[in-house]
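What follows is a set of notes on a single structure, which appears directly below.
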Amino acid sequence: MNIIDEIGILAISTRLQRLSEQFRKDGALIYKSFDIDFEPKWFPVIYTLHIKEMLSVVEIANEIGYSHPSTISLLKELEKQKLISSKKDKQDERKRLIILTPKGKELVTKMQPVWKVMKKALNEITDNQNNLLKAIEEAEQKLASQGFLQRISEIKN
Numbered sequence: 001m002n003i004i005d006e007i008g009i010l011a012i013s014t015r016l017q018r019l020s021e022q023f024r025k026d027g028a029l030i031y032k033s034f035d036i037d038f039e040p041k042w043f044p045v046i047y048t049l050h051i052k053e054m055l056s057v058v059e060i061a062n063e064i065g066y067s068h069p070s071t072i073s074l075l076k077e078l079e080k081q082k083l084i085s086s087k088k089d090k091q092d093e094r095k096r097l098i099i100l101t102p103k104g105k106e107l108v109t110k111m112q113p114v115w116k117v118m119k120k121a122l123n124e125i126t127d128n129q130n131n132l133l134k135a136i137e138e139a140e141q142k143l144a145s146q147g148f149l150q151r152i153s154e155i156k157n
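Its first residue numbered 1, the sequence shown is counted upward by one per residue in our numbering.
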């Protein structure tokens with residue numbers, strides 16, 4: 001046990017980041033083992049477009065819960081990989097609509113069986129006495145109603 005493990009709640013951000021990095025690193029290796037050239041960080045955009053088919057940049061950012069600049073940099077990467085393409089919205093020239101390219105759709109088809117296996121393994125990992133996904137959802141709801149910084153201000157006063 002290291003110091004970060006020992007200090008408990010104070011290191012929650014570090015622990016979540018560590019867990020996230022482990023999932024991301026293993027995820028990349030899993031895709032590679034299935035001979036799929038895919039970065040786990042692309043997943044939220046690719047999956048969202050697989051389900052919703054055509055969205056604006058702002059809609060994608062809202063769907064995946066990322067900031068606008070983070071979403072744009074992800075979209076640029078995916079466009080460079082020719083997995084997505086964009087076109088101007090006929091109603092609003094300033095708005096770009098994003099869709100999966102045929103290459104992107106082909107990739108999704110290839111990944112679906114992998115997602116099935118991953119989902120099963122992730123369920124095994126997170127389905128503990130204190131279900132991780134439920135706990136994360138509860139914490140996210142509490143943060144949405146009152147942020148960390150706001151809580152600190154109240155406790156301090």
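Heads up, the beta-carbon is just placed ideally off N, CA and C, and yes, glycines get one too.
For residue i, which option in the options has the closest C-alpha, if you only look at C-alpha atoms?
i, options, result
"MET111", "GLU6, GLY27, SER13, THR14", "GLY27"
"LEU107", "PHE43, ILE7, SER67, ASP127", "PHE43"
"ILE72", "LYS82, GLN81, ILE60", "ILE60"
"LEU122", "SER70, ILE51, SER20, GLU53", "SER20"
"LEU78", "GLU137, PRO40, ARG24", "PRO40"
Below 8 Å on the Cβ atoms is my guess for residue i versus residue j; work out the distance and round it to an integer in Å.
i, j, result
"ASP89", "SER56", "7 Å"
"LEU75", "VAL114", "Not confirmed; about 23 Å, so no contact."
"PHE38", "TYR47", "Not really, about 11 Å apart at Cβ, beyond 8 Å."
"LEU49", "ILE98", "7 Å"
"LEU83", "THR101", "6 Å"
"ARG94", "SER86", "Going by Cβ atoms, the distance from ARG94 to SER86 rounds to 12 Å, so no, they are not a contact pair."
What did DSSP end up calling residue i once you bin it into helix, strand or coil?
i, result
"ARG96", "strand"
"SER20", "helix"
"SER153", "helix"
"GLY104", "helix"
"ILE136", "helix"
"GLN129", "coil"
"ILE7", "coil"
"GLN112", "helix"
"GLN146", "coil"
When you measure from the CB of residue i to every non-hydrogen atom of the ligand SAM, does any distance come out below 7 Å?
i, result
"GLU106", "This structure lacks the ligand SAM, and indeed carries no ligand of any kind."
I'd like the ranges of any beta strand (DSSP E) spanning at least 3 consecutive residues and lying wholly in the region 13-95. 54-56, 84-88
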